[in-house]
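Take a look at the structure below.
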Amino acid sequence: MASLPDVKSLNSLPMEQQAKVLDALFEPSPAIHACLLPSISTTSFQSYDEFINQAQKIFEALTADPTQKAQLHSIIGSHPRLGAKKVESAQSAAEQAQLQSGDATELAALNAEYEEKFPGLRYVVFVNGRGRPEIMENMRARISRGDLALEEIAAIQASCILELGSSRHSSNEIVGNV
Numbered sequence: 001m002a003s004l005p006d007v008k009s010l011n012s013l014p015m016e017q018q019a020k021v022l023d024a025l026f027e028p029s030p031a032i033h034a035c036l037l038p039s040i041s042t043t044s045f046q047s048y049d050e051f052i053n054q055a056q057k058i059f060e061a062l063t064a065d066p067t068q069k070a071q072l073h074s075i076i077g078s079h080p081r082l083g084a085k086k087v088e089s090a091q092s093a094a095e096q097a098q099l100q101s102g103d104a105t106e107l108a109a110l111n112a113e114y115e116e117k118f119p120g121l122r123y124v125v126f127v128n129g130r131g132r133p134e135i136m137e138n139m140r141a142r143i144s145r146g147d148l149a150l151e152e153i154a155a156i157q158a159s160c161i162l163e164l165g166s167s168r169h170s171s172n173e174i175v176g177n178v
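For the sequence shown, counting from 1, position 22 maps to 22 in UniProt numbering; every step adds exactly one.
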């Protein structure tokens, strides 16, 4: 993963560099850019944790506004499918690497079942060292629960937990370009 610039300079960076920071923290996504770039340009942050917490609040606000569901689902849908062979971000690649053993066919079927139950969403979870059986059990439970609103919140929370870890890892080296 690319090193992140000093968060205190984030709002003064050119928009292109701000977008690269978002791509490093989250998944590369025009929907994430559209949602968060206005906040980056107008807000000073003291830490990446503070920035990601702000991003989570912005994402969660989308869940309460029915007119923003398409943008919300595009943000959540920017995450790779669990078990995907090719992923965009280093953070997702690391998470996916923990799940590469086992039955890929069963995982693909669960992804399809999840996406049929929750159109527009991807199953997003903080793997955190858990194995494929435990993750698949969680996925089945969430499919059975069948609550779209809870899934939207769960996906946002998992994404932001992933990014908090990512920012802590990446901000150890401060550079001007990402």
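Backbone N, C-alpha and C fix where the C-beta goes; we use that ideal spot for every residue, glycine too.
This one's a predicted model, so the numbers in the text were calculated from it and none came from an experiment.
Asked	Found
In the DSSP assignment, find the alpha helix (DSSP H) that holds His79 and state where it starts and stops.	Careful: His79 lies outside any alpha helix (DSSP H) and carries neither H nor E.
Look up Thr105 in the DSSP assignment and say whether it is helix, strand or coil.	helix
For Gln54, which residues from the same chain have a beta carbon less than 6 angstroms from its beta carbon, with the 5 sequence-adjacent residues on both sides left out?	none
Which word fits Pro30, buried or exposed, when buried means at least 16 other C-beta atoms lie within 10 angstroms of its C-beta?	exposed
Would you mind reading off the limits of the alpha helix (DSSP H) that contains Thr42?	30-42
Look at the alpha carbon of Lys69 and the alpha carbon of Asn11, and state the distance between them as a whole number of angstroms.	27 angstroms
Assign Gly83 to buried or exposed, taking buried as 16 or more other Cβ atoms, counted over all protein chains shown, within 10 Å of its Cβ.	buried
Using 8 angstroms as the Cβ pair cut-off and three pairs as the minimum, do the region 125-133 and the region 27-42 touch?	no
Alpha carbon to alpha carbon, what distance is there between Ser74 and Gln17?	22 angstroms
For the alpha helix (DSSP H) containing Glu63, name the first residue and the last one.	Looking at the sequence itself, residue 63 is Thr, so the reference to Glu does not match. 48-63 is the span of the alpha helix (DSSP H), which, as asked, contains Thr63.
Have a look at Cys35, Ser41, Ala34, Ile32 and flag the residue whose alpha-carbon is nearest the alpha-carbon of Val7.	Ser41
Quick check on the DSSP output: the alpha helix (DSSP H) that includes Asp23 runs from which residue to which?	15-25
Which class does Tyr114 belong to by DSSP, given the choice of helix, strand or coil?	helix
Helix, strand or coil: which one does DSSP assign to Arg145?	helix
Note down the Cα distance separating Gln98 from Gln56, rounded to an integer number of angstroms.	Bear in mind that a pLDDT of 46 at Gln98, under 50, signals an unreliable position, so the model cannot answer this.
Looking only at its chain, what residues have a beta carbon closer than 7 angstroms to the beta carbon of Phe126, apart from the 5 residues adjacent to it on each side?	Ala158, Ile161, Leu162
In its own chain, which residues sit with a C-beta less than 7 angstroms from the C-beta of Leu62, not counting the 5 before and 5 after it?	Gln68, Gln71, Leu72
When burial is assigned at 16 or more other CB atoms within 10 Å of the CB, is Gly77 buried or exposed?	buried
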